[in-house]
Amino acid sequence: MEHDIRISQGQSMLAEMLADDIVKMVGANKTYINPFSLALSGGRTPDLLFSVLGKKYNDEKLWKNTAFFWVDERCVPPDDPESNFRKAFELFFKKTDIDHSRIHRIRGEDNPVQEAGRYSAEIAENTVLRNGWPLFNLVLLGLGEDGHTASIFPGNEKLFESSVVCEVARHPVTLQERVTITGRVINNAELVFFLAAGRSKAQIVSKILLGSADNELFPASLVKPVNGKVVWYLDQEAADEL
Ligand code: 6PG
Numbered sequence: 698m699e700h701d702i703r704i705s706q707g708q709s710m711l712a713e714m715l716a717d718d719i720v721k722m723v724g725a726n727k728t729y730i731n732p733f734s735l736a737l738s739g740g741r742t743p744d745l746l747f748s749v750l751g752k753k754y755n756d757e758k759l760w761k762n763t764a765f766f767w768v769d770e771r772c773v774p775p776d777d778p779e780s781n782f783r784k785a786f787e788l789f790f791k792k793t794d795i796d797h798s799r800i801h802r803i804r805g806e807d808n809p810v811q812e813a814g815r816y817s818a819e820i821a822e823n824t825v826l827r828n829g830w831p832l833f834n835l836v837l838l839g840l841g842e843d844g845h846t847a848s849i850f851p852g853n854e855k856l857f858e859s860s861v862v863c864e865v866a867r868h869p870v871t872l873q874e875r876v877t878i879t880g881r882v883i884n885n886a887e888l889v890f891f892l893a894a895g896r897s898k899a900q901i902v903s904k905i906l907l908g909s910a911d912n913e914l915f916p917a918s919l920v921k922p923v924n925g926k927v928v929w930y931l932d933q934e935a936a937d938e939l
């Protein structure tokens, strides 16, 4: 699978470039019948992106036909520092008048198994189906140094073949429970933007983009949208071993 790769000098320029491209994609969505479905990743890397969106793109008119989702959430309350929703809200959504009915957060405060079922239904109710799976126009993914993406960790690759939209996962080190979308949903997306920054990601980025003997051990290498495309957004440090 070919990969488009966009490299910026530093993390601030990377956030600007990614924000500009996301807004372009959203703006290009002229089919006003269905909202543009955008799934956001968590972790620390997107913080700068959310800051740029909150400062430069906070006009709610830009987003009037966009539905926001998350690719995963830690099973914590929405005001917890660990919450993926909380950071996006504080840095971006709080600075806009986007109708909250189009911001579909994962309820990390609720029972994980019940929430995985509820959120699967919420996604299905607010997206169109393609190939029998919810269609995301754009999925933003992060990348862990161990090759995980969303909350699909090494050893849990079976989540790429799951027959359900969301499942409960567990962080292998902290044992923290997560609700995550599964691989078939990710690979049903029209477009996947991978975001990785910093020297600590250089090795895993290189292994996934250039291949390596143990490549199959990395869930992120299983992201191969069936009818879609992957674009990698890297800063110079994360691209250092390409
Ligand atoms: C999460 C993310 C996860 C993240 C990677 C990278 O909830 O943590 O969805 O997949 O994108 O772990 O995290 P950093 O951006 O913090 O390195």
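First residue of the sequence shown? That's 698 in our numbering, and the numbers climb one at a time after it.
Glycine is no exception: its CB is placed at the ideal position from the N, C-alpha and C atoms.
**G953 Cβ short of 7 Å to ligand 1 heavy atom set** = In the structure displayed, the chain extends from 698 to 939; residue 953 sits before or after that span and is not available.
**Request:** Compute the minimum distance between the beta carbon of E896 and the heavy atoms of ligand 1, and state whether it is under 7 Å.
**Result:** Taking the first residue of the sequence shown as position 1, residue 896 is located at position 199. Checking the sequence, you will find Arg at residue 896 rather than Glu. Because no heavy atom of ligand 1 lies under 7 Å away, the Cβ of R896 does not count as near it: no.
**Asked** Less than 8 Å separating the beta-carbons of H700 and V920?
**Response** As a working note, residue 700 is residue 3 in the sequence shown. As a working note, residue 920 is residue 223 in the sequence shown. No, the pair does not count as a contact, with Cβ atoms beyond the cut-off.
**Request:** Tell whether a beta-carbon distance below 8 Å holds between I795 and W760.
**Result:** Sequence index remark: in the sequence shown, residue 795 carries index 98 (1-based). Sequence index remark: in the sequence shown, residue 760 carries index 63 (1-based). Yes; because the gap between Cβ atoms is below 8 Å, this pair is in contact.
**Request:** Could you tell me which uninterrupted alpha helix (DSSP H) segments, each at least 4 residues in length, are contained entirely in the stretch 884-926, listed from first to last along the chain?
**Result:** 899-907, all fully within the stretch 884-926.
**Request:** Can you tell me which of the three DSSP states R827 falls into?
**Result:** By one-based count along the sequence shown, residue 827 stands at place 130. Residue state, collapsed to three classes: strand.
**Message:** Could you tell me the alpha carbon to alpha carbon distance between A899 and A935, rounded to whole angstroms?
**Reply:** If you number the sequence shown from 1, residue 899 lands on position 202. If you number the sequence shown from 1, residue 935 lands on position 238. Taking the straight line from one Cα to the other gives about 4 Å.
**Prompt:** With 16 other CB atoms within 10 Å as the buried threshold, where does E858 fall?
**Reply:** The residue given as residue 858 occupies position 161 in the sequence shown. If you draw a 10 Å sphere on the C-beta of E858, you find fewer than 16 other C-beta atoms in it, and that means exposed.
**Nearest-angstrom Cα separation, counted from R896 out to V842** = Your numbering for residue 842 matches position 145 in the sequence shown. Your numbering for residue 896 matches position 199 in the sequence shown. Reading off the sequence, residue 842 comes out as Glu, not Val. If you take the alpha carbons of E842 and R896, they lie about 10 Å apart.
**Message:** Does the distance between the C-beta of L906 and the nearest non-hydrogen atom of ligand 1 fall short of 7 Å?
**Reply:** For the purposes of this step, residue 906 is taken as the residue at position 209 of the sequence shown. Checking the Cβ of L906 against ligand 1 gives no.
**Message:** Looking only at its chain, what residues have a beta carbon closer than 6 Å to the beta carbon of I803, apart from the 5 residues adjacent to it on each side?
**Reply:** Counting from one through the sequence shown, the residue named residue 803 turns up at place 106. If the five residues before and after I803 are omitted, its C-beta is found closer than 6 Å to the C-beta atoms of W767, E770, Y816 and V876, all from its own chain and listed in chain order.
**Prompt:** At which residues does the alpha helix (DSSP H) containing E787 begin and terminate?
**Reply:** To locate residue 787, count along the sequence shown from 1; it is residue 90. Segment N781 to L788, the alpha helix (DSSP H) holding E787.
**Message:** Let me check understanding here. Comparing Cα to Cα, which of G739, I849 and G724 lies closest to P732?
**Reply:** Numbered from its first residue, the sequence shown carries residue 732 at position 35. Out of G739, I849 and G724, G724 has the C-alpha closest to the C-alpha of P732.
**Asked** Is G805 near ligand 1, with its Cβ less than 7 Å from a heavy atom?
**Response** Within the sequence shown, residue 805 is the residue found at index 108, counting from 1. It does not: the Cβ of G805 is nowhere closer than 7 Å to a heavy atom of ligand 1.
**Message:** Assuming the contact rule is C-beta atoms closer than 8 Å, I905 and G844 should be a hit. Round their C-beta distance to whole Å, please.
**Reply:** Translated into the one-based positions of the sequence shown, residue 905 becomes position 208. Translated into the one-based positions of the sequence shown, residue 844 becomes position 147. Contact flag correct, Cβ pair sits at about 7 Å.
**Request:** Flag this pair as touching only if the stretch 710-720 and the stretch 808-827 have three or more C-beta atom pairs under 8 Å; answer yes or no.
**Result:** Cβ pair count under 8 Å is below three, so no.
**Prompt:** Skipping 5 residues on each side, what residues in its chain have a beta carbon closer than 7 Å to that of G880?
**Reply:** Residue numbering aside, residue 880 sits at position 183 when the sequence shown is read from its first letter. I849, L856, F857, E858, S859 and L919.
**Item:** Per DSSP, the bridge partner or partners of V928
**Value:** Counted from its first residue, the sequence shown places residue 928 at position 231. Note: V928 is bridge-paired with D701 and F890 in the DSSP secondary-structure output.
**Endpoints, the beta strand (DSSP E) within which D769 is located** = Position 72 of the sequence shown holds residue 769. D769 to R771 is the span of the beta strand (DSSP E), which, as asked, contains D769.
**With 16 other Cβ atoms within 10 Å as the buried cut-off, status of D932** = Position 235 of the sequence shown holds residue 932. Result: buried.
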